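Here's the structure we're looking at; comments come further down.
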């Protein structure tokens, strides 16, 4: 099975730049609610090394309140269209079928759905009909309550079982396996120990399904649990967790500070696949 999102045989793991067009996201809420500011930031992240920009108009942080379809459309479609017209690859972070439909028409080439196409009954058909890539994420519960009391007997087995079911549903709906990416959903209905176990076992997930694995750890609360750092000061923790994720098998990292994290990705990519890197400057 071939996917454009598998880790390159030669080179660095790819980065997905986070662009939250929201007033209430956990890290940068309100920074890019203005369309022009959002587009400038998206293009800057592409210039800094992001392979794709992930545009979202509804916060999915723990305790987040849902927004209407019209509000989400107003936030994201102008940004998706402007970035696409500027030649910037765009991913759309949404759970709503109509937002997916209009986002794809505006130029989005990947749908990043935290509900793994479960939230909206029409989303599967939209993605299958458009032929775009889709990232299936695992989440226990819904954003407003997912961190109330998450519980697992074996988090890796349960996440893999979820992916098996969603992959089967996608292929039955006409979505090609080569279009699928998997995201274990760090911080989405997970305890600290669950997050750590999933990062350690990224290779298990990757080998079991043969699909690219996306890892999103950037600035997340489990990092603050480990070090006591505030959300505004977690780039070092993000770099370490991302580097470990690369060593364990991540194909793509979802990050906020692309320019800074690129340096960590370059080092981690070189160390984790030394036989593939012959650049004398790394000696």
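In this note's numbering, the protein residues as written are 163 to 445. The beta-carbon is built from N, C-alpha and C at its ideal position, and this holds for glycine as well. Predicted model only: the values in this text are computed from it and were never measured.
Closest by C-alpha distance to residue i, when choosing among the options
i	options	result
residue 293	267, 419, 228 and 361	267
residue 247	265, 396 and 350	265
residue 328	342, 319 and 392	342
residue 402	423, 184, 391 and 263	423
residue 250	330, 382 and 179	179
Beta-carbon spacing of residue i, residue j below 7 Å
i	j	result
residue 301	residue 347	yes
residue 415	residue 373	no
residue 290	residue 337	yes
residue 364	residue 411	yes
residue 288	residue 240	no
residue 399	residue 385	yes
residue 305	residue 222	yes
residue 242	residue 252	yes
residue 262	residue 271	no
residue 231	residue 260	yes
residue 450	residue 164	With the chain running from 163 to 445 in the structure shown, residue 450 is simply not present.
residue 361	residue 175	no
N- and C-terminal bounds of the beta strand (DSSP E) containing residue i
i	result
residue 253	252 to 255
residue 272	272 to 275
residue 207	Per DSSP, residue 207 belongs to no beta strand (DSSP E); it is in the alpha helix (DSSP H), 197 to 210.
residue 429	No beta strand (DSSP E) contains residue 429, which is instead part of the alpha helix (DSSP H) from 420 to 434.
residue 296	295 to 299
residue 176	176 to 182
residue 261	Element bounds for residue 261: not the beta strand (DSSP E) but the alpha helix (DSSP H), 259 to 268.
residue 416	414 to 417
Reduced DSSP secondary structure (H/G/I, E/B, other) of residue i
i	result
residue 328	helix
residue 404	helix
residue 442	Low local confidence applies: a pLDDT of 38 at residue 442 is under 50, so the model's placement there is unreliable, and no value is given.
residue 227	coil
residue 345	strand
residue 376	strand
First through last residue of the alpha helix (DSSP H) which encompasses residue i
i	result
residue 218	No alpha helix (DSSP H) contains residue 218, which is instead part of the beta strand (DSSP E) from 214 to 218.
residue 364	364 to 371
residue 291	285 to 292
residue 388	383 to 389
Below-7 Å beta-carbon distance, residue i vs any chain C residue
i	result
residue 285	Here there is only one protein chain, and chain C is not present.
Residue i beta carbon near the ligand ATP (any heavy atom closer than 6 Å)
i	result
residue 396	By its list of ligands, the structure shown contains no ligand whatsoever, and the ligand ATP lies outside what it can speak to.
Original post:
Any chance the stretch 164 to 177 sits against the stretch 428 to 435, with 3 or more Cβ pairs inside 8 Å?
Top reply: Contact holds: three or more Cβ-Cβ distances are below 8 Å.
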